[in-house]
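Protein chains in written order, with our numbering: chain A, 4 to 291; chain B, -14 to 114.
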């Protein structure tokens, strides 16, 4: 190859590399602010409003189990990495400096490892509302995965962690989430929403929908997205979807390099808030 | 004798043609049901409005959306008409939707479902199950 052609090829190669570098740099730098989003500064652990308390009060009065919560979500919710160890022997976890949360674990015993009919791998918001995903060994023909789970476990509150499998069609997600919230509220159970860690939809719109729905219905939303931002790849595996996991030993520093440490911790902290409100309501009932 | 054979052959032809035309009516009612399951496994939302009745379109879309997070295919799948009137038919199916997520495969049997199919704007459309 003559020097002229070699130089031309080098220029083309360098130009191509520069374009690729700038594109990847732009992608990596994208943030919710770039899309005009407003949810990212929400507190990690929400305060419960008077409206949320009223829902809890009504739920307890309706006879729902005040010591039960239900998990609604996809593979990052149905996995045993999520909360399940807290229903097992304490050799499977340690709480490190968060030992005070053992009280929460005792209070909600039986809900952590429960295999929810409304939490399965691959679940989108629509899946929880589709009769195709029913287990007719336990559920009735006129039920949905969501309502079957509610009838069987009878929780006073519901942790809803959806959106990752809705990245293909965000507008439909909001409509289906609304339906899930409506069903949950109609049954006098408190929906607690979670902002997800990923951005599979590309424009952070799903977390905006979740935050908007939480504001509209005046129900709690916890910002799980925030604590994992400092982690490698924002706490996501190479696929950009699944959360990273190491162990549930909070005293091991390596645990804090992975997303599930924060997922489990923040869930326990949300449940602590929930427990506080429930105990107040139960105490008042005793006094009355 | 020859005339009798020709007459019998003609009769057989008439029976065959009438049987075919009856089968053709039935398979027309089956088509939207088959298309519905095909839309689910091919994750094709755009197909739904053309095969569902207006009242059930939203529910059908939700079923298609429900499978968007998994890879799915039809297994040993076939449908047939169990009853048929002028504007309404009932279609039953055999087989299952095999949905896989990672290495986990779950079968969703279809044989418990009885599908309502109605004629809307002159076309057979699935309208619930």
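We put the CB at the ideal spot given by N, CA and C, even for glycine.
Check                                                                                                                                                                                                            : Outcome
For the stretch 70 to 104 of chain B, which residues have a beta carbon sitting closer than 8 Å to at least one beta carbon of chain A?                                                                          : 82, 84, 86, 87, 89, 93 and 97
Thinking just about the alpha-carbon of each residue, which of A:243, A:13 and A:128 is nearest to the one in residue 173 (chain A)?                                                                             : A:128
Starting from the N-terminal side, write out each stretch of the beta strand (DSSP E) that is 3 residues or longer and does not extend beyond the stretch 55 to 114 of chain B.                                  : 56 to 69, 73 to 86, 89 to 94, 99 to 105 and 108 to 111
Please determine if the stretch 76 to 95 of chain B and the stretch 45 to 64 of chain B are in contact, where contact requires at least 3 C-beta pairs separated by less than 8 Å.                               : yes
Alpha carbon to alpha carbon, how far is residue 52 (chain A) from residue 196 (chain A)?                                                                                                                        : 14 Å
Are there three or more Cβ pairs, one per stretch, closer than 8 Å when the stretch 128 to 142 of chain A is compared with the stretch 86 to 97 of chain A?                                                      : no
Measuring alpha carbon to alpha carbon, tell me which of A:10, A:262 and A:218 ends up nearest residue 50 (chain A).                                                                                             : A:218
If we count the other Cβ atoms within 10 Å of its Cβ and call it buried at 16 or more, is residue 45 (chain A) buried or exposed?                                                                                : buried
Can you confirm whether the stretch 217 to 236 of chain A touches the stretch 60 to 70 of chain A when touching is taken to mean that 3 or more C-beta pairs between the two stretches lie within less than 8 Å? : no
Quick check on the burial criterion: 16 or more other C-beta atoms within 10 angstroms. Buried or exposed for residue 141 (chain A)?                                                                             : exposed
By the DSSP assignment, the beta strand (DSSP E) with residue 244 (chain A) in it spans what residues?                                                                                                           : From DSSP, residue 244 (chain A) is part of no beta strand (DSSP E); its letter is neither H nor E.
For residue 124 (chain A) versus residue 163 (chain A), is the C-beta distance shorter than 8 Å?                                                                                                                 : no
Helix, strand or coil for residue 234 (chain A), going by three-state DSSP, please let me know.                                                                                                                  : coil
Applying the criterion that 16 or more other CB atoms from any shown protein chain within 10 Å of the CB defines a buried residue, is residue 278 (chain A) buried or exposed?                                   : buried
By the criterion of Cβ-Cβ separation under 7 Å, what are the contact partners of residue 77 (chain A) in chain B?                                                                                                : 54
Which residues in the same chain as residue 8 (chain B) place their Cβ atom closer than 6 Å to its Cβ, once the five residues preceding and following it in sequence are excluded?                               : Because the pLDDT of residue 8 (chain B) is 42, which lies under 50, any placement of that residue in the model is unreliable, and the question is left without a value.
I need the straight-line Cα distance from residue 270 (chain A) to residue 113 (chain A), nearest angstrom please.                                                                                               : 15 Å
Taking buried to mean at least 16 other C-beta atoms within 10 Å of its own C-beta, is residue 10 (chain B) buried or exposed?                                                                                   : Summary for residue 10 (chain B): the model assigns pLDDT 44, below 50, so the residue's position carries little reliability, and this model does not support an answer.
Assign residue 60 (chain A) to one of two classes, buried (16 or more other C-beta atoms within 10 Å of its C-beta) or exposed (fewer than that).                                                                : buried
Any beta carbon of chain A sitting closer than 8 Å to that of residue 48 (chain B)?                                                                                                                              : yes
Residue 64 (chain A) lies in the alpha helix (DSSP H); which residues open and close that run?                                                                                                                   : 53 to 64
Hey, how far is the Cα of residue 77 (chain A) from the Cα of residue 38 (chain B)?                                                                                                                              : 31 Å
Could you check the C-alpha separation between residue 241 (chain A) and residue 201 (chain A) for me, to the nearest Å?                                                                                         : 12 Å
Check the Cβ of residue 51 (chain B) against every Cβ in chain A and list those closer than 7 Å, keeping chain order.                                                                                            : 127, 129, 130, 133, 135 and 136
Extract the residue ranges of the alpha helix (DSSP H) inside the stretch 85 to 146 of chain A, only unbroken runs of 4 or more that lie entirely within it.                                                     : 105 to 110
Which word fits residue 109 (chain A), buried or exposed, when buried means at least 16 other C-beta atoms lie within 10 angstroms of its C-beta?                                                                : exposed
Tell me residue 195 (chain A)'s beta-bridge partners as DSSP assigns them.                                                                                                                                       : A:162
Check for me: the beta strand (DSSP E) holding residue 283 (chain A) runs from which residue to which?                                                                                                           : Looking at the DSSP string, residue 283 (chain A) is not in any beta strand (DSSP E); the run it does join, the alpha helix (DSSP H), is 262 to 290.
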